[in-house]
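Student: Before we start, here is the structure in question, set down as structure tokens.
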Amino acid sequence: MSFVAGGIVVAFGLFLIGLTGIVFVKPMVAERFFRSFASSARTHYTEQGIRLLIGAALIVRSPVMWQGDVFRLIGGVIVITSVGLLLIPWRWHHRFGEWAIPLVLRHMQLYAVGLFTFGAFLLTGLFAAP
Numbered sequence: 019m020s021f022v023a024g025g026i027v028v029a030f031g032l033f034l035i036g037l038t039g040i041v042f043v044k045p046m047v048a049e050r051f052f053r054s055f056a057s058s059a060r061t062h063y064t065e066q067g068i069r070l071l072i073g074a075a076l077i078v079r080s081p082v083m084w085q086g087d088v089f090r091l092i093g094g095v096i097v098i099t100s101v102g103l104l105l106i107p108w109r110w111h112h113r114f115g116e117w118a119i120p121l122v123l124r125h126m127q128l129y130a131v132g133l134f135t136f137g138a139f140l141l142t143g144l145f146a147a148p
């Protein structure tokens, strides 16, 4: 189980770093991707399912990660917020996205730096394990 969780965390960290590259190399592709968030009930529930998987993977893998308590907390926050988003009508999430996504797009390169930093932090947590 821990091996699978580690694979999920690696995949997510690499995804974040790859998305950073797309923001700088193909910004229109990144913009289209960001605009798709919470755009329908299907994407809303898919996003939450993926977030639950990532959060659970962080919780499962955290005992053998560098700064495991931090990663357990991050995983817990991801799981709790995902469950919260599953319990509200998806249109509320969509309305929030209508407000938040333009901010992300306006500051997309700065957002990408955060994506890269978090992706690198995840990978460091896995591979710098005690």
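The end of the sequence shown is residue 148 by the numbering used here, with every number in the run present. Glycine included, every Cβ here is placed at the ideal spot set by N, Cα and C. Here the structure is a predicted model, which means the values were calculated and not measured.
#1: Are the beta-carbon atoms belonging to V27 and L140 less than 8 Å from one another?
#2: Buried or exposed for G93, please, with buried defined as at least 16 other CB atoms from any protein chain shown within 10 angstroms of its CB.
#3: In chain order, what residues of the same chain lie with their CB nearer than 6 Å to the CB of F55, ignoring the 5 residues before and after it?
#4: Alpha carbon to alpha carbon, how far is I68 from I96?
#5: With Q127 as the anchor, note down where its alpha helix (DSSP H) starts and where it stops.
#6: Leaving aside the five residues before and after I119 along the sequence, list all residues of the same chain whose C-beta is less than 7 Å from its C-beta, in chain order.
#7: Does DSSP classify G85 as helix, strand or coil?
#8: Which value, in whole angstroms, describes the spacing of the CA atoms of I98 and G24?
#9: Determine contact between the region 76 to 88 and the region 58 to 65, defined as no fewer than three beta-carbon pairs at a distance below 8 Å.
#10: Pick helix, strand or coil for M46, following the three-state DSSP scheme.
#11: By DSSP, does I92 sit in helix, in strand, or in coil?
#12: G102: buried (16+ other C-beta within 10 angstroms of its C-beta) or exposed?
Tutor: Here's the rundown:
#1: Yes, the pair counts as a contact, with Cβ atoms nearer than the cut-off.
#2: Around the beta-carbon of G93, 16 or more other beta-carbon atoms lie within 10 Å, marking it buried.
#3: The beta carbon of F55 sits closer than 6 Å to the beta carbons of G115 from its chain, once the five residues preceding and following it are set aside; these are given in chain order.
#4: When the Cα atoms are used, I68 and I96 turn out to be separated by approximately 10 Å.
#5: 126 to 145 is the span of the alpha helix (DSSP H), which, as asked, contains Q127.
#6: The answer, listed in chain order, is F52, R53, F55.
#7: Contrary to the premise, residue 85 reads as Gln rather than Gly in this sequence. Coil.
#8: When rounded, the distance between both Cα atoms is 20 Å.
#9: Per the Cβ contact rule, the region 76 to 88 is not in contact with the region 58 to 65 (fewer than 3 Cβ pairs under 8 Å).
#10: Three-state result, M46: helix.
#11: Correct three-state label for I92: helix.
#12: Under the 10 Å beta carbon count, G102 is surrounded by fewer than 16 other beta carbons and is classified as exposed.
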